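To start, the structure under review is shown below, and the notes come after it.
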Ligand code: GDD
Ligand code: MG
């Protein structure tokens, strides 16, 4: 992702639903979009990403109580965006959630699945959408195993022929899948039934195709990750630190950053107490107010806030959530540790 800035006149709707069950135990104490990546809620990265394209009007279409969110983000001004919250009384499905915010969407708008991390070029996707006079443009990414995703068949002009949500592998006709970012025209809202649970994937897209509406697929080959599992969460942190994808929060400007001898970055939160005789071998993220005692060795690890690592402890390939205590000389390898339990990461 380049840092050049465009000013797209689009509002964005971010879908924030589900309880993130596949990210347990990380989501036992906080909702999935608040899970920290480089010491900030993952949603803050999405806001920064949208802002780089000049998109500052953002709707959070949520299907659960937004307290934790509102408390942290409020009206969005601390992140330089304007947030509007639409909370469903009960889950309305991905398209139903957008319909719920319909009064706010009077011109071309963007929809993003809330659990995606990408550097998709939104300005180029919008130019593609306009060039094709599309009513809906779906971003596409190539994956090895398409059966866990929405599989999107297109013709030679990238016009969508078929959308099949999570087909058995044998029935997946292409590796190009729905990457979870859409550019839509407000006219499509009329196809979404009111007050009904309705999905883009199994409802609206097949319905638009049946109605002969122009739906296009925008193929993208850059960075894309669905942060749906522990392994992917861990890999995302490592990819950011090793600059596989750009993040404005992975720079020396944010004052949280240092490079230890290996040359691989380490992000360190504020208020940490790290013994001079502890060893950090990047990529490593250390949250706020952590304490690393003498002789502790930490490599390829993500530590949240208020973690205590005892003298001589060894951490490798692990995620340690807030307020966990690692005892003296303890070895934690390939694990996810919370204050009450430890389980395998890989
Ligand atoms: N507000 C709201 N209400 N949001 C919802 C609801 C709802 O009822 N249901 C799901 N969402 C949100 C989720 O929180 C997530 O941000 C997004 O919609 C997609 O839902 P997931 O549950 O993460 O779906 P998935 O990962 O199995 O599949 C989707 O994403 C794939 C790409 O990662 C589909 O869109 C696939 O077609 C796609 O390939
Ligand atoms: Mg998902």
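Residue numbers (my numbering): 1 to 346.
No residue lacks a Cβ here, since even glycine has one placed at the ideal position from N, Cα and C.
On a predicted model such as this, the values are computed, not experimentally measured, just so you know.
| Check | Outcome |
| --- | --- |
| So which residues put a beta carbon under 6 Å from any heavy atom of ligand 2, going in chain order? | 113, 115, 226, 228 |
| What would DSSP say about residue 226, mapped onto helix, strand or coil? | strand |
| Considering only C-alpha positions, which residue in the set 132, 140, 187 is nearest to residue 118? | 140 |
| My understanding is that residue 112 touches residue 15, with C-beta atoms under 8 Å, so please give their C-beta distance in whole angstroms. | 7 Å |
| So residue 161 and residue 153 are supposed to be a Cβ contact under 8 Å. How far apart are they, rounded? | 5 Å |
| Using alpha carbons as the reference points, say which of 316, 219, 287, 227 lies closest to residue 126. | 219 |
| Specify, as a first and last residue, the run of the alpha helix (DSSP H) that residue 277 falls within. | Where residue 277 is concerned, there is no enclosing alpha helix (DSSP H), given that its DSSP letter is neither H nor E. |
| Please list, in chain order, all residues of the same chain as residue 297 whose beta carbon is under 6 Å from its beta carbon, the five residues on each side excluded. | 279, 314 |
| Assign residue 409 to one of three DSSP states: helix, strand, or coil. | With the chain covering 1 to 346 only, the question about residue 409 has no answer from this structure. |
| Pick from 68, 288, 344, 136: whose alpha carbon is nearest that of residue 274? | 288 |
| What three-state label does DSSP hand residue 84 in the structure shown? | strand |
| Is residue 190 helix, strand or coil by DSSP? | helix |
| On the DSSP bridge assignment, give the partners of residue 109 in chain order. | 11, 184 |
| Which residue marks the beginning of the beta strand (DSSP E) containing residue 57, and which one marks its end? | 57-62 |
| With H, G and I counted as helix, E and B as strand and the rest as coil, what does DSSP make of residue 370? | A query on residue 370 cannot be resolved here, the shown segment of the chain reaching from 1 to 346 and no further. |
| Where do the N-terminal and C-terminal ends of the alpha helix (DSSP H) with residue 207 fall, by residue? | 205-210 |
| Considering only the alpha carbon of each residue, which of 293, 163, 340 lies closest to residue 407? | Because the chain is modelled from 1 through 346, residue 407 falls outside the range shown and cannot be assessed. |
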